[in-house]
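Here the structure is laid out as structure tokens; the discussion comes afterwards.
Numbering (the numbering used here), first residue to last: 597 to 1287.
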């Protein structure tokens, strides 16, 4: 008798309900899920209250997205979906701006701006946990979320909207997918390329890190790559597509990288010999591995990037990191362990291009975290082998509970005591103000609609961006300090209200130019001291005479002696407020001077011996400019005058004044006018060339 074919078919498994799936989870999976909940809670609870500052590098993310939407997804040059966005003169924002498009459509909120990065940071414990479970077969994979929740540097920075935490999150996902490709399925290679590219675009110091780890992994795993040539070619095709926007950006902005390094004062753009630069790189690179930097409180990082009393990593985790490192070196032939070591070795390279700082080095927490967790795993495995499985399990549970307790206590301490950890609330400290200050300003304007607010920008970097974030466009206040009112007699009425820092308020009183000074209200710092003074004032009756005397004194030219054209030259020049006069003769286009208030900026050169010149040139910025030159020759009884003029352009350029023929020059006077300003004005000058 033949069997019924229908009965021979395998029975389909019934679909499980969500409740059944949850009941089927192991205790480790439940512990992992609960750890993720705790991790996310420590990121999101009172997110707008700690860190206590709201930095311009956070506000600019949302405001760049707002501007992008306003321009129809184009940049200021009209390019659709730009690769990079400008921030403080540097093109260093990319992925983070696009992620802020949703918050940009909603009412502006510190919580929403920070929550984007905070939620994305969940990728770190997720990918590290899955990697430890799937590729390292670690018993303690479920403890990853509570361990990462207790890492001080990661706690602080994953609660900000800084792009550094976004880059670290993308780097962690990149490592996970590379391990998937290497140890699970080759089809994961495009995903590894995708998240490597996202890390590359997310944070500029990670660019070198991503490129180097890609090159090293290509070399050390070459046989594995080459065994599947078609898959490798497909992956490389994806890589080309991902790299194309960056290449296009570099073609369109060839000067951007040099300007970025110059603004960061990187030694790579200095005049040092290459050997010295390599030495500087190695010194900074090795500093990135300094245990004292990572596991003890330090004084090298800015206080706003530190958790008071803690290192960037927990000191208690150091023995586990060392144990994990020793084990990794012993298991160097294992691809998974090798990837962690490679990540550790390349992580400090991006920071080494400039200098050690936790924001640039934050990516180190990924390999350090792996090593610490793998070190704990070795301890648990040893206990299970030497004693009992139960002993190893309970030690693992105890460690997880320790990390959970540390993360909760750290969060509670930060929220309660963080505002008074450090009492330097100004520009070089915490840059406190943010939402609290602008709420105070909005309340003051509602109560006093006739008043005109002048807000000092000196308490933080990029205060104009922060003001736009909280007050919108156009700004209903003026950004500026009291200083111009102490240099010139400017219109000053009873409705003008100056919001000053304590330092500015005390200094203003010493100028002896004001009367009827009244403090209308004071916004206290978190420690109770007055942080922002709301002040009205008037000029004293005899202020015009005071200004006249001071301006006459300031107009006196300054004197210097320089070595030029093989002889000592006497130089007379307008007073400067930026740079030194020698810097316009140093043949370094990165240095410049700025006149304090003179327009034109005048420079007079007197030569001990006449020199033969064919002309003069100046390197200037983008302002419309005119250069006038007066030449005194020993064989000419009268001064010879020459001039040239150039319109405004978006680039540095040279403005040349040829003499027509060679002249014997005894003295030379240059007058450089900024045609876009009147006097007083600031005239910028980069170089003077004598031909």
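Cβ coordinates follow ideal geometry from the N, Cα and C atoms, glycine included. Please read all numbers here as calculations on a predicted model, not as lab measurements.
Non-local C-beta neighbours of residue 775 in its own chain, meaning closer than 7 Å and more than five positions away in sequence, comprise 727, 731, 932, 935, ordered along the chain. Under DSSP, residue 1126 takes part in a beta bridge, and its partners are 1120. With three or more CB-CB distances shorter than 8 Å, the segment 824 to 843 counts as touching the segment 790 to 800. Excluding the 5 residues flanking it on each side, residue 786 has same chain C-beta neighbours closer than 8 Å at 830, 831, 834, in chain order. Shown here, residue 643 sits in coil according to DSSP, grouped into three states, outside any helix or strand.
Judged by DSSP in its simplified three-state form, residue 731 adopts coil rather than helix or strand. In the DSSP assignment, residue 1159 is bridged to 1164. Between residue 880 and residue 977 the beta-carbon gap is near 37 Å, outside 8 Å, which marks them as no contact. Taking C-beta atoms as the reference points, residue 863 and residue 876 count as a pair closer than 8 Å.
The beta carbon of residue 770 is closer than 7 Å to those of 788, 791, 792, 795 in its chain, skipping five residues each way along the sequence.
Non-local C-beta neighbours of residue 910 in its own chain, meaning closer than 8 Å and more than five positions away in sequence, comprise 746, 747, 748, 891, 1002, ordered along the chain. Beta bridge pairing from DSSP links residue 1211 with 1254.
In this structure the segment 619 to 631 does not lie against the segment 661 to 676, because fewer than three pairs of beta carbons, one per stretch, are closer than 8 Å. Looking from the CA of residue 1129, the closest CA among 1199, 1143, 1040 belongs to 1040.
Annotated three-state conformation of residue 1240 is strand, per DSSP. As summarised for the segment 902 to 962, there are no continuous beta strand (DSSP E) elements at least 3 residues long confined to that stretch. The three-state secondary structure of residue 1104, taken from DSSP, is helix. Relative to the Cα of residue 764, the nearest Cα in the group 721, 780, 1283, 649 belongs to 721. When DSSP states are grouped into helix, strand and coil, residue 672 belongs to the coil group. Residue 1261 and residue 1145 have their alpha carbons spaced roughly 36 Å apart. Under a 10 Å Cβ-count criterion, residue 1045 is classified as exposed, with fewer than 16 other Cβ atoms of the shown protein chains found around its own Cβ. Just measuring C-alpha positions, the residue of 1150, 754, 1107, 980 sitting nearest residue 1135 is 1107. If you check the CB distance, residue 657 and residue 757 come in under 8 Å. Three or more beta-carbon pairs drawn from the segment 1206 to 1222 and the segment 1256 to 1275 are found closer than 8 Å, and the two stretches are therefore classed as touching. In this structure, 1105 is the residue among 1123, 1105, 691 with its C-alpha nearest to the C-alpha of residue 1115. Inclusion of residue 1079 and residue 1194 in the CB contact set at 8 Å is not warranted, their separation being larger than that value. Counting only runs of at least 4 residues, the segment 741 to 810 fully encloses the following alpha helix (DSSP H) elements, listed from N- to C-terminal order: 748 to 753, 759 to 779, 785 to 798.
Using a Cβ distance threshold of 8 Å, residue 954 and residue 908 count as a contacting pair. Close CB contacts of residue 856 within its chain, under the 8 Å cut and outside five residues either way in sequence, are with 686, 687, 688, 800 (chain order). Under the 10 Å beta carbon count, residue 692 is surrounded by 16 or more other beta carbons and is classified as buried.
In this structure the segment 1021 to 1032 does not lie against the segment 1072 to 1086, because fewer than three pairs of beta carbons, one per stretch, are closer than 8 Å. Excluding the 5 residues flanking it on each side, residue 668 has no same chain C-beta neighbour closer than 7 Å. A contact is defined here as three or more CB-CB pairs under 8 Å, and the segment 674 to 684 fails this definition with respect to the segment 1087 to 1102.
Annotation for residue 660: 681, 683, 689, 693, 696 place their beta carbon closer than 8 Å to its own, counting only its chain and skipping 5 residues before and after. Under the criterion of beta carbons closer than 8 Å, residue 1269 and residue 1228 do not qualify as touching, at roughly 21 Å.
Within the same chain, Cβ atoms closer than 6 Å to the Cβ of residue 1282 are found at 1185, 1188, 1215, the five residues on either side in sequence being excluded.
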